[in-house]
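Residue numbers (the UniProt record's numbering): 1 to 209. Backbone N, C-alpha and C fix where the C-beta goes; we use that ideal spot for every residue, glycine too. These numbers were taken from a predicted model, which means no experiment stands behind them.
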């Protein structure tokens, strides 16, 4: 499959890039700084671009079967601008399939209570989590794209690629120790699985151990 990954040099994006290439997909990595992509692969094309510009997004992703957005920004205004441009750019390019990386902050910990709104949520993460929540709301309103949003566990960090994890819906998943964790490698498996065999069209889901 031909897939474009926006933000392919980032914390989660780099894991997605590795997983997609591992499975033999033709990948276009769209990044702000191409020099950050150290991977060499015959199935990889690296493009520099501004994904807050809708017309530029359309040009960057043209010819792909699907687009994965692992874009991140710490301020809500920039994040929202980028998500709107990505959605519009896909439509201009005639691409229907969008899979977006989100955060855990918008997952429910109790009926009607999202993780971001709990007293325990770290203050240092609030701005970034608010930005991803707003982006999710924008994607959720779209009726034209075959979109999917994947929220990670509360704690996501580099780690082993086990292939053993649980999937959930809009609720935060906790393990037997009352912890919510996933490695970037296993998160990437779950997302590329969704790319290959769509099971959550116009839905958000989550992954955790």
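{"query": "If you run the structure through DSSP and keep just helix, strand and coil, what is residue 7?", "result": "coil"}
{"query": "Give a yes or no on whether the C-beta atoms belonging to residue 20 and residue 67 are separated by under 8 Å.", "result": "no"}
{"query": "Which of the three DSSP states, helix, strand or coil, is assigned to residue 146?", "result": "strand"}
{"query": "Quick one: Cα of residue 202 to Cα of residue 35, how far?", "result": "34 Å"}
{"query": "Bridge partners of residue 135, per DSSP?", "result": "Bridge partners of residue 135: none, in fact."}
{"query": "Compare the beta carbon distance of residue 15 and residue 184 with 8 Å and say whether it is the shorter of the two.", "result": "yes"}
{"query": "Between which two residues does the alpha helix (DSSP H) carrying residue 80 extend?", "result": "76-93"}
{"query": "Can you list, in chain order, the residues of its chain with a C-beta nearer than 6 Å to that of residue 82? Leave out the 5 residues immediately preceding and following it.", "result": "51, 52 and 71"}
{"query": "With DSSP run on the structure shown, which of helix, strand or coil describes residue 62?", "result": "coil"}
{"query": "Give the DSSP-derived three-state secondary structure of residue 153 in the structure shown.", "result": "coil"}
{"query": "Within the continuous alpha helix (DSSP H) that includes residue 17, where are the two ends?", "result": "13-22"}
{"query": "Check the DSSP bridge columns for residue 116 and list the partner residues they point to.", "result": "Beta-bridge pairing links residue 116 to no other residue."}
{"query": "Would you give the residue range spanned by the beta strand (DSSP E) that residue 73 belongs to?", "result": "Element bounds for residue 73: n/a, residue is neither H nor E."}
{"query": "Whose CA, out of 64, 103 and 92, lies closest to the CA of residue 144?", "result": "92"}
{"query": "Where DSSP assigns a beta bridge to residue 166, which residues make up the other side?", "result": "208"}
{"query": "Can you check which of these residues, 180, 10 and 41, is closest to residue 33 by C-alpha distance?", "result": "10"}
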